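Numbering (my numbering), first residue to last: 2 to 162.
Next up, the structure:
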């Protein structure tokens with residue numbers, strides 16, 4: 002990946018991750034909306050809990066996770082457009098999103114099955130790959146462009162016998 006190939010890959014992965022996170026945010030917000038409406042319409046209660054409180058909490062969680070994932074999608078979209086690594090706070094948010102997907106993936110195996118686990122692991126891989134492709138070295142300033150590698154393993158030099 003020497004030359005512009007690294008830039009194209011970085012931008013493609015960050016853009017793809019942004020699109021996938023935005024779609025996931027919309028889907029999760031919709032699922033929480035349906036669950037909240039169902040709880041509200043049927044006056045469901047678990048162990049004497051207030052049904053209105055449960056439906057409100059479901060709406061708030063849906064809005065919260067949707068907003069968080071949309072924020073991560075915007076961070077990745079900005080990184081893809083500018084080809085600059087996110088700042089410290091942006092990297093922390095993306096790491097939290099990756100950990101969230103890892104935890105949800107472990108729960109999804111038992112609750113929703115392997116296809117859902119595969120989708121969550123795909124998003125996890127896109128997040129981690131975006132973080133690694135935009136990784137900064139110690140001498141880089143925040144928001145600096147990542148340096149393209151010189152070769153697959155580094156620079157090759159002839160050795161004498």
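Glycine included, every Cβ here is placed at the ideal spot set by N, Cα and C.
Nothing here was measured: the structure is a model prediction, and the numbers come from that model.
Pick helix, strand or coil for residue 73, following the three-state DSSP scheme. Three-state result, residue 73: helix.
Starting from residue 47, trace the alpha helix (DSSP H) both ways and give me its first and last residue. Per DSSP, residue 47 belongs to no alpha helix (DSSP H) and is neither H nor E.
Endpoints, the alpha helix (DSSP H) within which residue 89 is located: Annotation for residue 89: the continuous alpha helix (DSSP H) segment containing it runs 89-112.
Along the alpha helix (DSSP H) that carries residue 131, what are the first and last residues, could you check? Looking at the DSSP string, the run of the alpha helix (DSSP H) that includes residue 131 is 115-134.
Should the stretch 67-77 be called in touch with the stretch 13-30, which here means at least 3 C-beta pairs below 8 Å? Yes, the stretch 67-77 is in contact with the stretch 13-30.
Express the C-alpha separation of residue 132 and residue 92 in angstroms, rounding to a whole number. Rounded to the nearest angstrom, the gap between the Cα atoms of residue 92 and residue 132 is 7 Å.
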